[in-house]
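Protein chains: 2
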Amino acid sequence: MLQVAQRAGVSRSTASFVLTGRHQDMRISEDARQRVLRAAQELDYRPNLMARSLRTKVTKTIALVSDTIAADPYAGRAIHGSLAAAIAHGHLLFIGETDGDPVVEQRLIADFLDRQVDAFIYASMFTQYVRLPRQLRERPVVLLNCLIRGARPLHHSIIPDELTAGLTAARTLLEAGHRQGIYVVGHADKGVFASRERMTGIQEELGTAGVRLAGVVDCNWWPDSAYDAVRQALVDGLAPKALICVNDRVALGAYQALREGGLAIPDDVSVISFDDSELAAWLRPQLTSIALPHYELGWRAVETLLGPSAEPGITRLAMPIRRRHSVAKPTVE
Amino acid sequence: MLQVAQRAGVSRSTASFVLTGRHQDMRISEDARQRVLRAAQELDYRPNLMARSLRTKVTKTIALVSDTIAADPYAGRAIHGSLAAAIAHGHLLFIGETDGDPVVEQRLIADFLDRQVDAFIYASMFTQYVRLPRQLRERPVVLLNCLIRGARPLHHSIIPDELTAGLTAARTLLEAGHRQGIYVVGHADKGVFASRERMTGIQEELGTAGVRLAGVVDCNWWPDSAYDAVRQALVDGLAPKALICVNDRVALGAYQALREGGLAIPDDVSVISFDDSELAAWLRPQLTSIALPHYELGWRAVETLLGPSAEPGITRLAMPIRRRHSVAKPTVE
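Listed in order, the protein sequences are those of chains D and R.
Residue numbering for the first sequence follows our numbering, beginning at 1 and increasing consecutively.
Residue numbering for the second sequence follows our numbering, beginning at 1 and increasing consecutively.
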């Protein structure tokens, strides 16, 4: 700083005021300001952010603490969105994973606090209720893809609007003319937040139209399980007209089982799904799917953390439908 | 620290020695050590790492600077591996993306340097030659999935062993009994590092066995392009016995085109691929694929950065083959 001041021919405080953006308060001439900036550039002056942050307590870093988000190829986009928003706000992003282990989590958060990160994103791979770690309760934190039980939220949560997604799935089939033989393929576990919300949306929309869900083909979230379950159901005499798959991987398994069963998509059976992963566009016919907006979830979480403060609450991000070629009007027998 | 010392009934230096792990050098009694540790815990004492790092110049943070690695669902595993290794070494991980823009890159690295990160991982999504940014040349840095031209490397590079992967692909088909009708499906651009190395490996292994590659079905790295190219080739009279696909997505497109052409995998046509992404196990029949070890690349890069120092050089990580059900012996016509 002294070298900059000497080169610019100003006092050390003048140089300091200019380089910390306080030249207007201090009535420093434009000419002096320009000389300081030029000198700083010529000397490749870099303020010691660590030393400064000891005084200001601001490091312009945030930490994203997640369970296993980086391990999931699709949810990794949430990191990408968070990163983009952090950079846009002039912040850098630490990431850390806990594998859902509270001891690891506590240690990791302590390590971040030692490095005096300004704020936290607390993220989950699947939308779910969580308990916020005690260390984070009094700090700036936004929850990404998770939320805290309780009537009055103390923190922001950014989650996908799964309920509306369920409505959309059902409405899409109704609009195509489906009124019977509509099955959900996937995990029927009411304990899973996304399943529960989507199912509520599906039931609600079908109910309003006076249509009954024909049933659930139970399987887990992976193609093999869906393939086995749909194949067995077809062998057992199931004659579906439309399948609502809980994600694109399940839809892939359903596609394989339907094809083996000699059923054409969408002529014999319509298929609609959730996620809109890359897979949806790769399947043949291309799969109509309701997008999980991972990137936007990450972006919005950081925006909420670093943007103008607002009343804490739950923000549900729209899950837009990507219409492709797997839904058609039912054939009349 | 003073409060901890008072509560433990020891001098300030004793407390300091205990909490910085120097109690053995300083012959401090076990009893005093226990009292200090208990007091520190009761007072929730946390050393100010930022202040300490101003003295020691060590922040125990590393930064992973990449082009677009977090955007790619598969390469995101490299981040996961890096993160795991960083944590294992007691370091925290910053991530940053440049989108391949040198100006963004320069700014980002400057921001990391302002926060005094100890070391860098310089990463690329595709294996390629890069120029190391000037700011990093004198610093601890390991290149992840990229390398620098030149006879004597000044930095470590961790890359996948694509050449051996090419050999493996060809050998697998030869061992199954294939000697003709072997085609490569994918981008024949010699400018792409992985393509070039694999192709060299394939040609070398086939050549040794006196077998000639029948040709290349040219397409880009995506399913649609591969589907179109293989479909057109079949229409034009191509009668392949085995396809070597440049990645699993290309294999997906090839599967679709072969099926449409009435060709069974592996009875009529064997298919082998590279990547071993999740897709490989989801396809039917399950796809034999040679794994791109993203997680290991990330892990090894950080290990090399933080582990015992060694002579700089290029480390090629093995690409293990995952044998599934898409390769069989050729049918005799």
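Every residue gets a Cβ at the ideal spot worked out from N, C-alpha and C, and that includes glycine.
### Task
Check each candidate in D:Arg35, D:Gly237, D:Asp31, D:Ile28 and name the one with the smallest Cα separation from Gln3 (chain D).
Position 3 of the first sequence, counted from the first residue, corresponds to residue 3 (chain D). Checked all of D:Arg35, D:Gly237, D:Asp31, D:Ile28; the closest Cα to Gln3 (chain D) is D:Arg35.
### Query
Pairing CB atoms from the stretch 261-278 of chain D with CB atoms from the stretch 160-176 of chain D, are three or more of them under 8 Å?
A contact exists between the stretch 261-278 of chain D and the stretch 160-176 of chain D.
### Query
With a Cβ-Cβ cutoff of 7 Å, do Val185 (chain D) and Ala254 (chain D) count as a contact?
Numbered from 1 along the first sequence, position 185 holds the residue referred to as residue 185 (chain D). Numbered from 1 along the first sequence, position 254 holds the residue referred to as residue 254 (chain D). Taking 7 Å as the Cβ cut-off, Val185 (chain D) and Ala254 (chain D) qualify as a contacting pair.
### Query
How many Å lie between Ser225 (chain D) and Asp236 (chain D) at the Cα?
As a first step, residue 225 (chain D) is located in the first sequence; it is residue number 225 there, counting from the start. As a first step, residue 236 (chain D) is located in the first sequence; it is residue number 236 there, counting from the start. Near 16 Å, if we compare the C-alpha coordinates of Asp236 (chain D) and Ser225 (chain D).
### Message
If you follow the beta strand (DSSP E) that Val271 (chain D) is in, where does it begin and where does it stop?
### Response
Here residue 271 (chain D) refers to the residue found at position 271 when the first sequence is read from its first residue. Run containing Val271 (chain D): 270-275, per the beta strand (DSSP E) assignment.
### Task
Give the residues of chain D in contact with Leu83 (chain R), contact being defined as C-beta atoms less than 9 Å apart.
Locating residue 83 (chain R) in the second sequence gives position 83, where the first residue counts as 1. The contacting residues are Ala70, Ile95, Gly96, Glu97.
#### Entry: Continuous alpha helix (DSSP H) assignments of at least 4 residues falling wholly in the stretch 96-184 of chain D
DSSP assignment within the stretch 96-184 of chain D yields the following whole alpha helix (DSSP H) runs of 4 residues or more, N-terminal first: 102-114, 162-175.
### Message
By the DSSP assignment, the beta strand (DSSP E) with Thr288 (chain R) in it spans what residues?
### Response
Sequence index remark: in the second sequence, residue 288 (chain R) carries index 288 (1-based). Thr288 (chain R) -> beta strand (DSSP E) spans 288-291.
### Query
Thinking just about the alpha-carbon of each residue, which of R:Glu205, R:Thr304, R:Leu213 is nearest to the one in Arg316 (chain R)?
Counting from one through the second sequence, the residue named residue 316 (chain R) turns up at place 316. It is R:Thr304.
### Query
Pro160 (chain R): buried (16+ other C-beta within 10 angstroms of its C-beta) or exposed?
Against the second sequence, residue 160 (chain R) aligns to sequence position 160. Taking a 10 Å sphere around the C-beta of Pro160 (chain R), we find 16 or more other C-beta atoms and assign the residue as buried.
### Query
Which chain C residues sit within Cβ distance under 7 Å of Asp111 (chain R)?
This model lacks chain C altogether, as its protein chains are D and R.
### Message
Below 8 Å on the Cβ atoms is my contact criterion, and I expect His155 (chain D) with Leu132 (chain D) to pass it. Report the Cβ-Cβ distance as a whole number of Å.
### Response
Looking up residue 155 (chain D) in the first sequence gives position 155. Looking up residue 132 (chain D) in the first sequence gives position 132. Confirmed, Cβ separation roughly 7 Å.
### Query
Between which two residues does the alpha helix (DSSP H) harbouring Ser195 (chain R) extend?
If you number the second sequence from 1, residue 195 (chain R) lands on position 195. Looking at the DSSP string, the run of the alpha helix (DSSP H) that includes Ser195 (chain R) is 193-208.
### Query
DSSP state of Ile244 (chain D), grouped into three classes?
For the purposes of this step, residue 244 (chain D) is taken as residue 244 along the first sequence, with counting starting at 1. Ile244 (chain D) falls in the strand class under three-state DSSP.
### Message
Could you check whether Asp99 (chain R) and Val58 (chain R) sit closer than 7 Å to each other, using their CB atoms as the reference points?
### Response
By 1-based counting over the second sequence, the position of residue 58 (chain R) is 58. By 1-based counting over the second sequence, the position of residue 99 (chain R) is 99. No, Cβ-Cβ distance for Val58 (chain R) and Asp99 (chain R) is not below 7 Å.
### Message
If the cut-off is 9 Å on Cβ atoms, which residues from the stretch 201-225 of chain D count as contacting chain R, listed in chain order?
### Response
Close to chain R, meaning a Cβ-Cβ distance shorter than 9 Å, are the following residues of the stretch 201-225 of chain D: Trp222, Pro223, Asp224.
### Where Arg7 (chain R) falls: helix, strand or coil (DSSP)
By one-based count along the second sequence, residue 7 (chain R) stands at place 7. DSSP places Arg7 (chain R) in helix when its eight states are reduced to three.
### C-beta neighbour in chain R for Gln41 (chain D), strict 7 Å
Walking along the first sequence from the start, residue 41 (chain D) turns up at place 41. Cβ-Cβ to chain R under 7 Å: no for Gln41 (chain D).
### Counted within 10 angstroms of its Cβ, other Cβ atoms place Gly262 (chain D) as buried (16 or more) or exposed
The residue given as residue 262 (chain D) occupies position 262 in the first sequence. Label assigned to Gly262 (chain D): exposed.
### In DSSP terms, what Ile321 (chain D) is bridged to
What you label residue 321 (chain D) is simply residue 321 of the first sequence in a count that begins at 1. Per DSSP, D:Ile290.
### Task
May I ask you to report which of helix, strand or coil DSSP gives Ser13 (chain R)?
The sequence position of residue 13 (chain R) within the second sequence is 13, counting from 1. Reduced to three states, the DSSP call for Ser13 (chain R) is helix.
### Query
Roughly how many whole angstroms lie between the Cα atoms of Ala301 (chain R) and Ala78 (chain R)?
Position 301 of the second sequence, counting from 1, holds the residue named residue 301 (chain R). Position 78 of the second sequence, counting from 1, holds the residue named residue 78 (chain R). When rounded, the separation of the alpha-carbon atoms in Ala301 (chain R) and Ala78 (chain R) is 9 Å.
### Task
Quickly, what does DSSP pair Thr61 (chain D) with across the bridge? List them, please.
For the purposes of this step, residue 61 (chain D) is taken as residue 61 along the first sequence, with counting starting at 1. D:Leu92.
#### Entry: According to DSSP, residues forming a beta bridge with Val230 (chain R)
The residue labelled residue 230 (chain R) in the question sits at position 230 within the second sequence. DSSP, once it has assigned bridges, lists no residue as partnering Val230 (chain R).
### Query
Where does Val332 (chain R) land, buried or exposed, given buried means 16+ other C-beta within 10 angstroms?
By 1-based counting over the second sequence, the position of residue 332 (chain R) is 332. Counting every other CB atom within 10 Å of its CB across the protein chains shown gives Val332 (chain R) a total below 16, marking it as exposed.
### Task
Pull up the DSSP beta-bridge partners for Ile79 (chain D), would you.
In the first sequence, counting from the first residue as 1, residue 79 (chain D) sits at position 79. Partner(s): none; Ile79 (chain D) has no beta bridge.
### Task
Identify whether Arg341 (chain D) lies in helix, strand or coil by the three-state DSSP scheme.
Since the displayed chain D opens at 1 and closes at 333, residue 341 (chain D) lies outside it and no answer follows.
### 7 Å Cβ cutoff, Leu37 (chain R) in contact with chain D
Reading the second sequence from its first residue, position 37 is the one you call residue 37 (chain R). Taking Cβ atoms only, chain D never reaches closer than 7 Å to Leu37 (chain R), which makes this a no.
### Task
Closer than 6 Å by C-beta to Tyr227 (chain D): which residues in its own chain qualify, once you throw out the five before and the five after it? Chain order, please.
Walking along the first sequence from the start, residue 227 (chain D) turns up at place 227. Once the five neighbours on either side are set aside, the close Cβ partners of Tyr227 (chain D) are Gly253, Gln256, Ala257.
### Query
With respect to the beta strand (DSSP E) encompassing Gly215 (chain R), which residues constitute its N-terminal and C-terminal limits?
Locating residue 215 (chain R) in the second sequence gives position 215, where the first residue counts as 1. From DSSP, the beta strand (DSSP E) with Gly215 (chain R) extends over 215-218.
### Task
Show which residues of chain D have a CB atom less than 8 Å away from the CB atom of Arg284 (chain R).
Mapped onto the second sequence, residue 284 (chain R) falls at position 284. In chain order, Tyr227, Gln256 make up the part of chain D whose C-beta sits under 8 Å from the C-beta of Arg284 (chain R).
### Message
Three or more C-beta pairs under 8 Å: does that hold for the stretch 317-330 of chain D against the stretch 288-302 of chain D?
### Response
Touching, per the Cβ criterion.
### Task
Within the same chain, show all residues whose beta-carbon is closer than 7 Å to that of Ala176 (chain R), passing over the 5 residues directly before and after it, in chain order.
The count along the second sequence starts at 1 and reaches residue 176 (chain R) at position 176. Excluding sequence neighbours, Ala176 (chain R) sits near Ser270, Val327, Ala328, Lys329.
### Message
If you reduce the DSSP assignment to three classes, tell me which class Arg284 (chain D) lands in.
### Response
The residue given as residue 284 (chain D) occupies position 284 in the first sequence. It is coil, neither helix nor strand.
### As assigned by DSSP and simplified to three states, the class of Ile265 (chain D)
On the first sequence, position 265 is the one that residue 265 (chain D) refers to. The three-state reading of DSSP puts Ile265 (chain D) in coil, since its state is none of H, G, I, E or B.
### Query
What is the rounded straight-line gap between the Cα of Asp174 (chain R) and the Cα of Gln203 (chain R)?
Position 174 of the second sequence, counted from the first residue, corresponds to residue 174 (chain R). Position 203 of the second sequence, counted from the first residue, corresponds to residue 203 (chain R). First, the amino acid is wrong: residue 174 (chain R) is Leu here, not Asp. Approximately 12 Å between the Cα atoms of the pair.
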